[in-house]
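Per the numbering used here, the sequence shown runs over residues 2 to 309.
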Amino acid sequence: MRNGDVRRIDPSSGRGSVLPAYLGPRGRSIHGPTAPGAATLADRTSDLTDAEVSEVVELLARGRLERTSRVLPQRLRSRSWASVERVVLELEGRLPWPGAGWKVGAAAEDVRRAEGVPAPLPGRLFRRSVFNSGAVIGPEFFVNYRLCECELAFELARPFPPRVLPYTEAEVSHGIAALIPAIEIGDSVFEDWYAASGYFGSCIDNGGGAAFVRGPRTTSWCDADLPDAVVDLFVNGHFLKSGIGNLAMGHPVTSLTWLVNWLRERGRGTVTGEVVSTGTLTGHCFVAPGDTVRADFGPLGNVEARFS
């Protein structure tokens with residue numbers, strides 16, 4: 002594929018002008034009563050203690066494993082970003098599911114603003130909830146939400162183990178086996194998605210990650226103009242909105258490199274064959290059981306999932 006092959010957004014297309022009443026810019030209005038960016042901020046800013054981190058991890062893990070909503074006690078609600086990062090890494094070890102890779106949450110500025118978070122944050126992809134395009138995805142993978150985001154992901158051809166020096170984008174780019182268009186599906190044990198932003202709730206729970214749908218692999222991706230690559234998002238056949246590749250930190254490879262170095266700084270690494278999803282290109286889209294979601298990445302392929 003050549004640079005000129007990727008589509009660019011046509012602002013005059015007007016494809017989103019006729020939507021059914023139940024759909025809006027963020028899909029279905031089922032994210033809870035709090036509007037994006039309207040959360041009441043937690044008073045606490047100090048780091049959680051070791052015991053408190055363990056308590057939060059246990060609360061989140063039980064919610065995920067039992068598929069039940071949880072309420073984080075006020076005393077554990079802190080806007081300490083370092084504590085959020087600790088919880089994310091420790092939660093992965095508490096859940097009994099083998100990993101399949103990582104996802105980058107809040108890579109786009111719009112999402113960080115809506116969720117009130119200061120930076121991107123990874124979440125783990127688990128083998129149990131990675132699907133191929135066309136899958137029918139049951140309720141057993143979700144607690145409260147099915148938040149669909151159109152993303153570009155990479156399959157790794159080599160490991161990136163911990164080391165002292167940061168990995169460069171050139172190194173990381175040469176370690177990519179394939180480009181994969183994808184739909185990343187978020188969820189949370191907290192019932193009111195945006196209210197939880199007051200204590201980084203959408204990120205502290207595995208970066209919001211729950212499931213992942215893979216499209217076709219593309220190995221000859223290097224000539225593609227990924228920052229200008231366009232994806233169109235459809236729900237039940239209705240065009241909802243478009244996204245563009247530069248929302249993933251300017252370039253999806255930049256986002257991948259960020260993830261590799263975030264793990265490296267914490268003594269962690271990635272392994273050959275893992276998949277890293279680089280962040281939403283379309284923002285949030287909440288859907289419900291019975292909905293079908295399709296992401297059209299043009300020459301990169303289509304990704305579709307139906308929720309039962």
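For every residue, glycine included, the Cβ atom is placed at its ideal position computed from N, Cα and C.
- Per DSSP, reduced to three states, the secondary structure at Pro-182 is strand.
- Judged by DSSP in its simplified three-state form, Arg-71 adopts coil rather than helix or strand.
- As a beta-bridge residue in DSSP terms, Asp-233 pairs with Ser-243, Asp-297.
- Phe-142 carries a helical assignment under DSSP once its states are collapsed to helix, strand and coil.
- The alpha carbon of Ser-256 has as its nearest neighbour, out of Ala-107, Asn-207, Pro-162, the alpha carbon of Ala-107.
- When secondary structure is reduced to three states using DSSP, Gly-102 falls in the strand class.
- Secondary structure in the segment 76–136: the alpha helix (DSSP H) runs of 4 residues or longer, each lying completely within the stretch, are 82–95, 110–116 in chain order.
- Contact check between the segment 76–92 and the segment 47–64: three or more CB pairs, one atom from each, fall below 8 Å, which counts as touching.
- Separation of the CB atoms of Arg-265 and Arg-164 is rounded to 6 Å, and the pair is thereby assigned contact status at 8 Å.
- Collapsing the DSSP output to three states places Glu-275 in coil.
- Annotation for Val-254: the continuous alpha helix (DSSP H) segment containing it runs 253–266.
- Closest by C-alpha distance to Ala-183, out of Pro-97, Gly-216, Ile-31, is Gly-216.
- For Ala-212, the enclosing beta strand (DSSP E) stretches over residues 210–215.
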